[in-house]
Structures are given as C-alpha cells and as structure tokens.
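The sequence shown begins at 1 in the numbering used here and counts up one residue at a time. Just so you know, even glycine gets a beta-carbon here, dropped at the ideal spot from N, CA and C. Data first, discussion second: the structure below is written as structure tokens.
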Amino acid sequence: MRLSDDELRAALRAEAAGHEPDREAMLDRIAMSATAQPVTRRRAAGHAPRRGPKVRMAAAATAVVALFAGGGFANWALAGSNDAAPPAPAPVPALTSAPQKEPSATSSKEPSEKPSKTPSRTPSSAAPSTAPSKTPATATPSPTLTKGQPGFTRTEQGPLWSDGSVVAEGSSVITLKSTEELTSLDVVIRVARTEGLVSRGATKQTPGGSVTASVTEEADALLYRFTLASADTLDPGTYTFTAKYTAAARNAGGDTYEVTASTASAPSLDVYGNFYASTP
Numbered sequence: 001m002r003l004s005d006d007e008l009r010a011a012l013r014a015e016a017a018g019h020e021p022d023r024e025a026m027l028d029r030i031a032m033s034a035t036a037q038p039v040t041r042r043r044a045a046g047h048a049p050r051r052g053p054k055v056r057m058a059a060a061a062t063a064v065v066a067l068f069a070g071g072g073f074a075n076w077a078l079a080g081s082n083d084a085a086p087p088a089p090a091p092v093p094a095l096t097s098a099p100q101k102e103p104s105a106t107s108s109k110e111p112s113e114k115p116s117k118t119p120s121r122t123p124s125s126a127a128p129s130t131a132p133s134k135t136p137a138t139a140t141p142s143p144t145l146t147k148g149q150p151g152f153t154r155t156e157q158g159p160l161w162s163d164g165s166v167v168a169e170g171s172s173v174i175t176l177k178s179t180e181e182l183t184s185l186d187v188v189i190r191v192a193r194t195e196g197l198v199s200r201g202a203t204k205q206t207p208g209g210s211v212t213a214s215v216t217e218e219a220d221a222l223l224y225r226f227t228l229a230s231a232d233t234l235d236p237g238t239y240t241f242t243a244k245y246t247a248a249a250r251n252a253g254g255d256t257y258e259v260t261a262s263t264a265s266a267p268s269l270d271v272y273g274n275f276y277a278s279t280p
C-alpha cells in the first residue's frame, strides 16, 4: 500500500519520538566501519600499503557529513512544513477569437433622450402678429374734397351765417350775416377757370368798416379776397361781397367760398360753401 505524504510524515514522527540516538556511539561505529574495510582489503591483497591516521580521520569526517545530511532530510520529512510551494497551475490553452470590429459611426447607438410628456409653459400673452394686413395691392384713394364743394360745406357757425349765389350778368355774390360785432374778417371767393373767363374786379358792401379787395390769378382759378383792416370792426348786420368776371354761359359748379372771422365771444369762426344760380 502506498502512503501519502501526510501519512509518511506522521509515521516518521512516531518512529523518531520513540528513538533517542546516542551520538557518541554512532560516531564510534562510523569511524570503526570506515577503517575496518580498507584493512581487510589490504590484508587480503597482501601488498596494499597501510593507510595512516589522516586517512581514517578523513573517512570519519565524511561519515559525519553523510549522517548530518541524512538527518537534514529526516528533519524535513518530520517537520511537515506547510511552506511547500503549491503545484503550478496547469496551463490554460489560449482561446482564439475573431478580431473585434471597431464600431462604425453609423452602427453606434447614441443615447436618445425621451421627450418630456409635460407640455412646455407658454407665455400668457401671445406675441403681436407681424404678418402684413391683407389689403388690396392697388387701392383707389378717395377723391380729396376741397373745402366748400358739395359734400364738404358748413354755411353757419355761431353768430355767423353765409350764402353763395350767381347773378345773370356774370357775378358771384356772397351774402354774410352776423349777430355780433366782427373784430376780424377774411372772405375768399374761388372762381374756377373756364373758357373765356376774364376778371372784371371785386366789389363789396360793408358800411362802417374798412375792407380791402384784391384779385389773384392762378392756373386753375381766380381768387377774389376781401379783408377787414386790422384796426377796424364791423357792426352786427348783413354784408355782401361780389366777384365780377366776363364769361358766356359758364358753369359755376366748381366755384367755392370760405369766410373766417372772429367776435368777442367766438374768436375762431369758419364757414364755407358753394354757389347756385339765382333769378335777378
């Protein structure tokens, strides 16, 4: 039966515990054994030279070395040291694998953020719209009315009243009434230019007041102006202002007038209108 290393060490320990060697006796026996064999061989041969004491001492030393060498081996066997190096692990065969492919830019999956289910907070007030308003590309502007034309008249304001008329002999007349004293007055009669139109001057009836009259020719009309002197006044009453001209059967539809005046209670008065034919 084959003993394991542990069992062998246990048996050697038990045998060593029961035996106490006598060192002196062992040395004597070794010395005697070492010297006896050469003498016997020499005597048997009959002609070998005799060995001296030095040879015997060398043999004894050799025996002692052998004894201690064997004792060292026995001590190792009896010690049962646990410092023995563990057996080397069996080599693991290298595993061969296919070369790993580098991830391509298209195959790599980047982490995608999940959209939040919570709706984003919008401002309480909407931003003003900057879209252009839908208007016609070409809008036809309404005709600009001249003060005094039909649809743009005011013949009475405060203490002032006015009226325009055309007489048969070729004159346009403004009749003006005021219930208060006039401290300023300016009357303008605009006679639209027609074929054969020629001015024959301006006349007025303003008793008690100094009023100047003038006529100005423009490209499309004749302007007749009547102005009260700055240091003068007109008492309450009725006054007339006439624009005279020569023209055969002209149309007075484009003629207008405007009167600006002031009184103590109404510092800014403005009346305006147009003319219509009257019976002489």
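- Under the three-state reduction of DSSP, Leu197 is assigned to coil, being neither helix nor strand.
- The residue from Thr179, Ala192, Glu7, Thr144 with its alpha-carbon nearest to that of Pro236 is Thr179.
- Annotated three-state conformation of Arg13 is helix, per DSSP.
- In terms of CA proximity to Val215, Arg225 leads the group Gly209, Thr206, Arg225, Gln157.
- Contact between Gln149 and Thr256 is confirmed by a C-beta separation of about 6 Å, below the 8 Å threshold.
- Shown here for Gly208: same chain residues with a beta carbon closer than 8 Å to its own, the five before and five after excluded, namely Leu234, Asp235 in chain order.
- The residue among Ala247, Thr206, Ser210, Ser184 with its C-alpha nearest the C-alpha of Arg200 is Ala247.
- Check the Cα spacing between Val198 and each of Val187, Ser230, Lys244: the tightest is with Lys244.
- Excluding residues up to 5 positions away in sequence, Asp163, Thr240 lie with their Cβ nearer than 6 Å to the Cβ of Thr175 in the same chain.
- For Leu223, the uninterrupted beta strand (DSSP E) segment begins and ends at 221–228.
- If you check the CB distance, Pro159 and Ala266 come in under 8 Å.
- Of Phe275, Ala219, Gly254, the smallest CA-CA separation from Ala168 is found for Phe275.
- Here Ala261 carries a strand assignment [DSSP, helix/strand/coil].
- Between Ser172 and Ser262, the C-beta gap is not smaller than 8 Å, which leaves the two residues out of contact.
- Approximately 12 Å separates the beta-carbon atoms of Ala221 and Arg250; this is outside 8 Å, ruling out the contact.
- With a cutoff of 8 Å on beta-carbon distance, Gly254 and Ala192 are scored as near each other.
- For Thr179, no beta strand (DSSP E) encloses it, and the DSSP letter there is neither H nor E.
- Look at Arg250 here: in three-state DSSP terms it is coil, with no helix or strand label.
- Asp28 carries a helical assignment under DSSP once its states are collapsed to helix, strand and coil.
- Nearest to Ser210 by alpha-carbon distance, out of Thr194, Ala219, Ser165, Asp186, is Asp186.
- Residue state for Ala34 is assigned as helix, using DSSP reduced to three classes.
- Taking the Cβ atoms as the reference, Val188 lies roughly 17 Å from Leu145, outside the contact range of under 8 Å.
- By the CB criterion at 8 Å, Ala231 and Ala213 fall outside the cutoff.
- A straight line joining the alpha-carbon of Leu12 with that of Leu27 spans about 23 Å.
- With contacts defined as CB atoms closer than 8 Å, Val259 and Arg154 fail to qualify as a contacting pair.
- For the options Gln157, Ser4, Gly170, the alpha carbon positioned closest to that of Lys177 is the one of Gln157.
- It is roughly 33 Å from the alpha-carbon of Ala229 to the alpha-carbon of Gly196.
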